[in-house]
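Engineer:
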Amino acid sequence: MHTLVQAVILGVLTGGVYALMASGQTLIFGIMRVINLAQGAMVVLSAYLSYTLFTSAGIDPFLTILLIAPLMFLLGVVVHRVFLRPLKTGDGELSLMVMFAVALAVEGVLAAIYKTTYRSINTTYRDESLELADYHLSVTRLAAFGLSLAVLGGLWVLLHRTRFGASIRATVQNPTAARLLGVDPDRVSALGFGLGASTAGAAGAVFGLVYPFNSASHYDLIARLLAIVVLGGLGSLGGAVAASILMGVAESVVAATWSPAWASATFFVALLLVLLVRPRGLFGAQLRGAL
């Protein structure tokens, strides 16, 4: 029982990190109906940027987020303007290919600069843990979970308590009506894509602290993020958070009680089981207005 509870605690903390990474994926799909296959590559790119700032300038990985998140926001806006804006609305297949090409380009640049050797961000507190009622809480994962809650909370406030958030939700629900009300869907899409990329920037430093990574790490990462987004319901931010926690716990429990080799397969087994019962995912009741 002790092992099971410890695994659940670890799974919840890990799920918070997955939620931070998946939130940007969900946000971009909700606004643009674009499945961003480059989201994982953006997370890995941010992890490398955090690694470089830490090793070269001695900046704490959590503090690097203050620099990386705005930079990734700008990168997201540029990617939208250059690669996605010229595409016709609803051309999902072509947008998939374009974003996959962006992911490959990011991978190629990272491989050329950093080679393919695995890197990790080794801080003095990386292996430290707190003990609570005989259970161990990783300081890094606990801080990462707190950061995820803060960023997700800020994202919710932005979407539901600001004029910009209202324009995003209007665009998600009915782009034509939003345009008639004075909302520029192209501008909202660009800023929304940038916002989704900035969440990848925040998640990158955390990812580098928790996992070793190289330029090709985005393949496994995007597979997990897509499973989370589909499981939670395409376009549902709350569903992505719930699915992230569920998948984090399931992965950790399987690794602790059965075999770590089967832990990653948990994502896809759970996805298949849920979709057999609820094809739209846990919270995918509507295609529009899910955010």
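For the sequence shown, the working numbering gives the first residue as 30, with consecutive numbering after it.
Glycine included, every Cβ here is placed at the ideal spot set by N, Cα and C.
Apply the 10 Å Cβ neighbour rule to residue 204 and answer buried if 16 or more other Cβ atoms are within range, or exposed otherwise.
Structural biologist: For the purposes of this step, residue 204 is taken as the residue at position 175 of the sequence shown. When all chains shown are included, residue 204 counts as buried.
Engineer: Note the first and the last residue of the continuous beta strand (DSSP E) segment covering residue 109.
Structural biologist: Residue 109 sits at position 80 when you count from the first residue of the sequence shown. Residue 109 -> no beta strand (DSSP E), and no H or E assigned at all.
Engineer: Which residues bound the alpha helix (DSSP H) around residue 56?
Structural biologist: Numbered from its first residue, the sequence shown carries residue 56 at position 27. First-last of the alpha helix (DSSP H) with residue 56: 31-61.
Engineer: Need the endpoints of the beta strand (DSSP E) that residue 160 sits in, please.
Structural biologist: What you label residue 160 is simply residue 131 of the sequence shown in a count that begins at 1. Start and end: 158-161.
Engineer: In chain order, what residues of the same chain have a beta carbon less than 8 angstroms from the beta carbon of residue 166, not counting five sequence neighbours either side?
Structural biologist: To locate residue 166, count along the sequence shown from 1; it is residue 137. If we look at residue 166 and ignore the five residues flanking it on each side, its Cβ neighbours are 38, 42, 158, 159, 160.
Engineer: In chain order, what are the residue ranges of uninterrupted alpha helix (DSSP H) at least 4 long that sit wholly in the segment 188-240?
Structural biologist: Entirely contained in the segment 188-240, the alpha helix (DSSP H) runs reaching 4 residues are, in chain order, 192-202, 204-209, 214-239.
Engineer: Considering only the beta carbon of each residue, do residue 101 and residue 221 sit closer than 8 angstroms?
Structural biologist: Here residue 101 is taken as the residue at index 72 of the sequence shown, counted from 1. Here residue 221 is taken as the residue at index 192 of the sequence shown, counted from 1. Their beta carbons are not under 8 angstroms apart, which means residue 101 does not touch residue 221 by this criterion.
Engineer: Under a Cβ-count criterion, where at least 16 other Cβ atoms within 10 Å of its own Cβ denotes burial, should residue 233 be classed as buried or exposed?
Structural biologist: Taking the sequence shown and counting its residues from 1, the one referred to as residue 233 is at position 204. Residue 233 is buried by the Cβ-count criterion.
Engineer: Helix or strand or just coil, what does DSSP make of residue 315?
Structural biologist: The residue you call residue 315 lines up with position 286 of the sequence shown. Note that residue 315 scores a pLDDT of 49, beneath 50, so its modelled location is shaky and nothing firm can be said.
Engineer: How far does the beta strand (DSSP E) with residue 66 in it extend, from its first residue to its last?
Structural biologist: Residue numbering aside, residue 66 sits at position 37 when the sequence shown is read from its first letter. First-last for residue 66: undefined, no H or E at that position.
Engineer: Please classify residue 139: does DSSP put it in a helix, a strand, or coil?
Structural biologist: Here residue 139 refers to the residue found at position 110 when the sequence shown is read from its first residue. In the structure shown, residue 139 sits in a helix (DSSP, three-state: H, G or I).
Engineer: Could you spell out where the alpha helix (DSSP H) holding residue 248 opens and where it closes?
Structural biologist: As a working note, residue 248 is residue 219 in the sequence shown. Residue 248 -> alpha helix (DSSP H) spans 247-261.
Engineer: Give the straight-line distance between the Cα atoms of residue 289 and residue 238, rounded to the nearest whole angstrom.
Structural biologist: One-based indexing of the sequence shown puts residue 289 at position 260. One-based indexing of the sequence shown puts residue 238 at position 209. Whole-angstrom Cα-Cα distance: 20 angstroms.
Engineer: Do the CB positions of residue 260 and residue 305 come within less than 8 angstroms of each other?
Structural biologist: Within the sequence shown, residue 260 is the residue found at index 231, counting from 1. Within the sequence shown, residue 305 is the residue found at index 276, counting from 1. No, they are not a contact pair.
Engineer: Decide if residue 179 is buried, meaning its Cβ has at least 16 other Cβ atoms within 10 Å, or exposed.
Structural biologist: In the sequence shown, the residue the question calls residue 179 occupies position 150. Exposed.
Engineer: Does the segment 250-267 come close enough to the segment 134-146 that 3 or more CB-CB pairs lie under 8 angstroms?
Structural biologist: No, the segment 134-146 is not in contact with the segment 250-267.
Engineer: Just verifying my parser: in three-state terms, what is the DSSP assignment at residue 244?
Structural biologist: On the sequence shown, residue 244 is found 215 positions in, with the first residue counted as 1. Three-state result, residue 244: coil.
Engineer: How would you label residue 190, buried or exposed, when you count the other beta carbons within 10 angstroms and need 16 or more for buried?
Structural biologist: Here residue 190 refers to the residue found at position 161 of the sequence shown. By the 10 Å Cβ count, residue 190 comes out exposed.
Engineer: Mapping the DSSP letters down to three states, classify residue 166 as helix, strand or coil.
Structural biologist: Position 137 of the sequence shown, counting from 1, holds the residue named residue 166. Reduced to three states, the DSSP call for residue 166 is strand.
Engineer: Is the beta carbon of residue 271 less than 8 angstroms from the beta carbon of residue 181?
Structural biologist: The residue given as residue 271 occupies position 242 in the sequence shown. The residue given as residue 181 occupies position 152 in the sequence shown. Contact: no.
Engineer: Just the Cα atoms here: how many angstroms apart are residue 59 and residue 188?
Structural biologist: Taking the first residue of the sequence shown as 1, we reach residue 59 at position 30. Taking the first residue of the sequence shown as 1, we reach residue 188 at position 159. One C-alpha to the other measures close to 12 angstroms.
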